[in-house]
Every structure is written in C-alpha cells, then in structure tokens.
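The sequence shown begins at 95 in our numbering and counts up by one. Below is one structure, written out as structure tokens, with a few remarks after it.
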Amino acid sequence: MSSLYLESFQGFVAREPALASLAALLVVAAVVYHLLQRPAKLNLPVVELIPGDVSYERAVAQGVAKYPNTPFILNQESPVVIIPRDCIDGIKSLPESQASMMQPVLEEFSSNVTKIGYEARDAVHAIKNDLTRHVASILDGLQDEARFAIDQEFGTGSDWTPIPVYMKITRVVALLSGRVFVGRPLSREEEWLNATISYTYNCTRARDALQKYPTFIRPVVGPWLPEVQDLFKQRKRGAELLTPILEEIRKREARGEKMDEYEDQQGTFCRWLMKYMGNEEVTAMKLAENQMGVSFAAIHTTSMALAHVIFDLASHPEYIKPLREEIQQVIAEDGQEADSTGFNKLKKASFTKLKKLDSFMKESQRLGPPGYSKCFFLLSPPPDKVSTDHRPKTTASMGRVVASPITLTSGHVLPKGTHFVIPSYAIATSEATPIFSSSMGQPPQEFDGFRFAKLRTAPGQEHKHQFASTSTESLTFGHGSHACPGRFFAGNEIKVIMVELLRNWDVRLAAADDGMRPANMITKLLCIPNVQAVVEFKRLKTDFDA
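Encoded structure:
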C-alpha cells in the first residue's frame with residue numbers, strides 16, 4: 095500500500111474504527127477477485143512512453159507511424175491499446191455488452207459510491223430521441239439567450255476589453271443550455287447556474303478523494319468523505335429547485351396536456367426526461383440526478399470547443415470578414431425575423447446555409463479536440479503534469495473496455511478487460527488520411543478554416559463533412575451507434591453564439607500574446623484550452639448587417 099493510501103487509511107481508521115474493521119474483512123476477497131479479473135496478456139507490439147514527456151504526443155505519433163495498420167500497446171501506468179483507423183468500422187457499433195463505454199466512467203469515478211455515470215442514462219434517450227428532433231425549434235430561444243448572456247458576461251462598453259474567455263464562455267453556454275434543459279426563470283437564477291457549472295468540479299473532487307483509497311475500501315469509506323457528501327448535497331439542493339417544475343408538469347398532465355413538442359418555457363425537457371424514467375416513479379431527486387448528469391457531460395465540453403473556436407478566430411483574423419459576409423449573404427437571401435423587442439434573428443433554415451462557419455468550427459475541433467482520460471476530461475490538471483503548446487499533438491476518442499473478447503478486422507483478439515482507444519488526433523492530422531492529404535489543400539498540420547467547406551463543394555459531398563458529422567476520419571464525437579447524442583444540439587449552440595459574436599463584436603488577441611494563439615494545456619491523452627487565457631473584445635456600434 096502506498097504512503098498516500100496508508101496515511102488516508104490511518105486517518106479513516108481513527109475516525110471510524112468499526113467500519114475500518116469491516117473494510118479489513120473485505121481485503122482478502124477483493125484481492126482474489128481482482129487477480130481473477132486481470133486481463134490476459136496481449137500479443138501486440140508495445141510503444142514505451144518517452145522519458146520526461148508529460149503529454150503522450152511523441153509516443154503515440156511514433157507508434158502510429160511504426161504500426162499504421164496494427165494495434166499496439168501504449169505502455170502508460172494503465173496500459174491502453176491504440177486501435178488503427180482500418181479497424182474502426184469493425185468496432186464502431188459493438189454493443190455495451192461487448193465493448194463498454196460506461197465501464198471506464200464507472201471505474202474512474204467510483205460510481206458504485208458516487209453514482210456518477212448512472213444518473214444521466216435517461217437523459218441520453220431524451221437528447222437522442224426528443225432534443226435532436228426539435229433542434230430547429232430551439233434556435234429562436236437560443237438566439238435570444240445568446241444576446242442576453244453575452245451582454246451580461248461581456249458588458250456593453252464600446253472599448254477593447256480583456257475577457258477571460260473560458261470563464262465567461264462557460265457561463266454563456268450554461269445559460270443557453272439551461273434555457274433548453276430547465277427553462278426560465280430557473281435557468282437564469284444564479285444558484286442554478288452555479289450548480290450546473292460547478293457540478294463537474296465537484297464530481298472530480300469526489301473522484302480524487304476516493305482515489306486516495308484502494309478500490310475495495312471505497313464503498314465503505316466513500317459515503318463519509320466530505321467531497322462525496324458535498325456531491326450528494328448538491329444533488330439534493332438541485333431536487334429542491336426542480337420540485338416546482340415537477341409539480342407544474344403533474345398539473346399539466348392532469349389537464350390532459352401532452353407536452354411532446356418543444357415549448358420555450360420551464361419544464362419541456364424535464365417532461366421529455368420523464369417519459370424514459372418511468373413517469374409515475376419520477377421524483378425530484380431522480381430529475382435532479384439526470385439534470386446534473388447532463389450538465390456534467392455538456393457544459394464544459396461545449397465551452398472548451400467554443401473557447402478553441404474563439405482562440406482560432408482571434409489568431410486568424412483574416413477569417414472574420416468572410417464569415418461576416420456569409421452571414422450577410424444568408425440574411426439577404428432569407429431575411430430576418432424580428433421579435434417583440436425588435437431583435438433581429440436569423441431564420442431557422444439560415445443556420446444550415448452557414449457552411450463556412452460550420453467548417454471553421456469543425457477545423458477548430460479537428461486541431462483542438464477534447465482528449466481522453468479514461469473517458470472524461472480533467473478541468474485543472476496539476477501544473478507539474480501539464481505541457482503547453484499552441485496546438486495539441488495527441489488526443490484519443492472512443493475509449494472502451496472490452497467486456498467480452500473482440501476479434502479486430504486485423505485478426506488480433508482483444509481479451510476481456512482490455513482498455514482501448516482510437517488515436518483520433520493522429521488520424522485527423524495524417525497525410526495518410528485521404529481528406530486531409532496535402533493533395534486536397536493545406537497540409538493536415540496547418541489550420542485551414544474553410545477546409546471542410548471546400549470538401550463539400552465536390553459532387554456528392556454537399557451534405558458531408560459537417561460539424562456534427564462522424565466518420566473514420568472525423569472522430570471527435572466518436573463514431574457509430576455510440577457517437578455523442580448531443581452533438582447536433584452542441585453544434586447549433588456554438589453556431590448561435592458565434593453568429594452573435596460576429597454580428598456584434600470585434601475580437602483580437604491580447605497584446606501580451608504577441609500574436610500567438612493561447613497555448614493549450616496538454617497532459618497524457620488530454621488536451622484542453624488555456625482556461626486562464628484572455629482575449630480582447632470590442633462591441634460594434636450597430637449590427638454589422640443592420
């Protein structure tokens with residue numbers, strides 16, 4: 095047992111001697127169980143980490159170059175198999191019973207204690223089946239909320255103002271998401287806003303606290319840890335805030351209202367959720383668990399993607415004019431819709447015509463994707479565990495644990511218990527990937543904001559290569575039956591915010607950046623935008639297209 099485990103366990107023994115005795119009785123059984131659960135040895139080439147590297151950049155790149163068509167083992171502290179692009183189609187739609195997406199989450203977050211990972215399963219169905227179907231209907235409300243949120247967070251001054259991008263954008267995204275997931279007025283209340291933003295942080299605190307203890311002791315120790323108790327308290331308070339919404343839904347049901355279509359008011363998404371939760375058994379606590387689970391999965395991932403887009407726009411100002419001209423052209427073709435306050439909004443159909451903006455977003459995501467840390471990201475990696483670079487060089491996606499043996503199309507067999515990932519960044523920046531070859535345009539390592547818009551001009555490609563599209567070449571959202579169900583909502587949310595910024599704000603890098611894009615934070619297989627970076631914004635005197 096490590097010194098950290100020993101110190102933590104000794105403290106627990108002193109506080110709870112009876113429970114510690116029970117934990118001790120579990121040790122022998124647990125050790126035997128874990129010995130039996132060890133995965134079989136793999137007959138695959140091994141790529142060692144490069145001494146001194148905090149990120150796994152060069153190790154993965156070297157492995158992919160050396161074994162382009164063969165899976166190999168990245169020999170990190172918990173070895174993981176890197177799957178080549180040629181094998182993706184064979185695994186993309188494997189069922190959870192064979193290749194588990196949830197098991198890495200359950201393991202990393204000690205879900206048998208924290209319940210993290212269990213709480214949002216019903217929300218996944220509501221997002222995939224209801225929210226995606228109504229994405230076009232939510233655009234009016236999102237546009238209204240984007241103006242409200244950005245004015246509130248960025249201010250209304252006409253001078254260049256330094257804006258801490260990630261902090262402000264996270265609140266903007268939380269406001270837009272909240273308008274859809276719970277509705278006003280609750281979505282704008284500061285207590286709810288802070289709860290949905292901080293839930294991810296509290297989940298990581300609980301995870302980190304539990305990881306100080308051996309796995310077999312966590313179910314006994316966990317409920318007594320302050321960090322875990324804080325998580326439970328946050329869910330309980332969320333349930334209290336959602337109780338009036340649940341009561342109103344029950345009243346509307348009693349009046350015979352269906353509530354299947356999208357309405358820009360409190361409770362619409364909650365009602366969709368209830369269809370999958372077993373309507374009569376729904377409690378405010380179950381509703382809160384699902385809502386917090388959605389916040390965990392959606393707010394920070396969307397905020398990171400949007401921060402990357404803003405950093406790319408500020409560092410490539412030559413794209414601002416053509417992106418604005420595209421919006422102007424769409425408005426000239428389709429017109430606008432003014433609400434009761436005189437606010438001009440793009441029509442729903444207009445957003446699908448913004449091909450250059452969609453391409454810019456996808457290119458930003460290609461070179462700045464969220465990374466893989468078992469399955470979820472860390473918000474603040476320790477400073478001594480982070481390297482900085484203006485572009486990530488290695489991230490992975492589609493993390494799974496083999497639940498029953500898998501035979502890859504390469505002929506290799508992955509036994510039960512094997513962790514595997516796809517080297518999505520290496521694929522997206524490789525000359526060997528056809529659509530990113532230099533023969534198609536800019537070299538794959540370079541930023542080309544209209545790369546995907548140009549690909550869509552080819553016959554038969556008009557509806558491909560969109561922000562939310564997935565393929566064996568575009569893997570940020572995963573691929574196959576388990577691709578991110580919220581990607582269509584996230585794409586529209588980002589697009590709405592970017593339209594608002596392009597219409598009403600100028601953006602530039604802060605002088606301290608010396609013309610360089612704010613460096614990303616990279617650790618292991620993880621990349622996040624610089625959460626402390628500042629970019630300058632200035633409000634335009636009028637809408638540029640007014």
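For glycine and all other residues, C-beta sits at the position ideal for the given N, C-alpha and C.
Query	Result
So, does the segment 336 to 348 touch the segment 254 to 261, judging by three or more C-beta pairs under 8 angstroms?	no
Assuming Arg597 and Phe437 form a contact by the criterion Cβ under 8 angstroms, report the distance between their Cβ atoms to the nearest whole angstrom.	That pair is no contact at about 11 angstroms.
Can you tell which of Leu143, Ala522, Lys635 and Val266 has the C-alpha that lies nearest to the C-alpha of Pro538?	Ala522
Taking contact to mean at least 3 C-beta pairs separated by less than 8 angstroms, is the segment 395 to 408 in contact with the segment 596 to 612?	yes
Does DSSP put Asn586 in a helix, a strand or coil?	helix
Return helix, strand or coil for Ala124, following the three-state DSSP convention.	Unreliable placement is indicated for Ala124, whose pLDDT of 46 sits below 50; the coordinate value is still reported in the next sentence. Helix, per DSSP.
How is the beta strand (DSSP E) around Phe631 delimited, first residue to last?	Val628 to Arg633
Measure the C-alpha to C-alpha separation of Gly235 and Ser194 and round it to an integer number of angstroms.	36 angstroms
If you reduce the DSSP assignment to three classes, tell me which class Glu431 lands in.	strand
Is the CB-CB distance between Ala333 and Ala382 below 7 angstroms?	yes
Do you know how far the Cα of Lys442 is from the Cα of Met649?	The question about residue 649 has no answer, for the chain in this structure spans 95 to 640.
When you compare each of Thr208, Glu247 and Thr250 to Glu321 by their alpha carbons, which one comes out closest?	Thr208
With a CB to CB cut of under 6 angstroms and the five nearest residues on each side skipped, what residues in its chain are close to Val625?	Tyr260
For Gln197 and Pro499, what's the separation of their Cα atoms in angstroms?	15 angstroms
How would you write the range of the alpha helix (DSSP H) that Ile343 sits in, first residue to last?	Pro320 to Ala348
Within the continuous beta strand (DSSP E) that includes Phe514, where are the two ends?	His513 to Ile516
Could you give the distance in angstroms between the alpha-carbon of Ser565 and the alpha-carbon of His573?	6 angstroms
Per the contact definition of three or more C-beta pairs closer than 8 angstroms, is the segment 393 to 403 in contact with the segment 574 to 589?	yes
Within the present structure, is the beta-carbon of Glu375 separated from the nearest heavy atom of the ligand FAD by less than 6 angstroms?	Because no ligand of any kind appears in the structure shown, any question about the ligand FAD cannot be addressed here.
Residues in the same chain with beta-carbon distance under 7 angstroms from Leu367, minus the five sequence neighbours each way, listed in chain order, please.	Asp216, Ala217, Ala220, Leu381 and Asn384
Using the rule of at least 16 other Cβ atoms within 10 Å of the residue's Cβ for burial, across every protein chain shown, is Glu567 buried or exposed?	buried
State whether the segment 586 to 595 contacts the segment 448 to 458, with contact taken as three or more CB pairs (one from each stretch) at a distance under 8 angstroms.	yes
Looking at Val175: is its Cβ nearer than 7 angstroms to the Cβ of Phe571?	no
Would you decide whether Ala606 is buried or exposed? Buried here means 16 or more other CB atoms lie within 10 Å of its CB.	exposed
By Cβ distance below 7 angstroms, which residues in the same chain neighbour Cys578 in space, the five residues on each side in sequence not counted?	Phe571 and Gly572
Assign His137 to one of two classes, buried (16 or more other C-beta atoms within 10 Å of its C-beta) or exposed (fewer than that).	According to the sequence as given, residue 137 is Asn; it is not His. Asn137 should be labelled exposed.
For Ala243, collect the residues of the same chain with a Cβ closer than 6 angstroms to its Cβ; drop the 5 residues on either side in sequence, then sort them by chain order.	Val266 and Leu269
Do the segment 179 to 192 and the segment 537 to 556 touch if we need at least three Cβ pairs shorter than 8 angstroms?	no
Report, in whole angstroms, the separation of the C-beta atoms of Thr164 and Pro139, which I expect to be a contact under 8 angstroms.	7 angstroms
Rounded to whole angstroms, what is the Cα-Cα separation between Gly277 and Val507?	48 angstroms
For Gly314, which option in Leu188, Asn206 and Ile622 has the closest C-alpha, if you only look at C-alpha atoms?	It is Val, not Gly, that sits at residue 314 in the sequence shown. Nearest option by C-alpha distance: Asn206.
How many Å lie between Ala392 and Ala155 at the Cα?	29 angstroms
Excluding sequence positions up to five away, which residues of its chain have a Cβ less than 8 angstroms from the Cβ of Trp599?	Ile244, Phe248, Phe631, Lys632, Arg633 and Leu634
Could you check what DSSP says for Ile591 in three-state terms: helix, strand or coil?	helix
With H, G and I counted as helix, E and B as strand and the rest as coil, what does DSSP make of Lys160?	helix
Among Ser191, Lys327, Leu143 and Ala401, whose alpha-carbon lies nearest the alpha-carbon of Cys621?	Ala401
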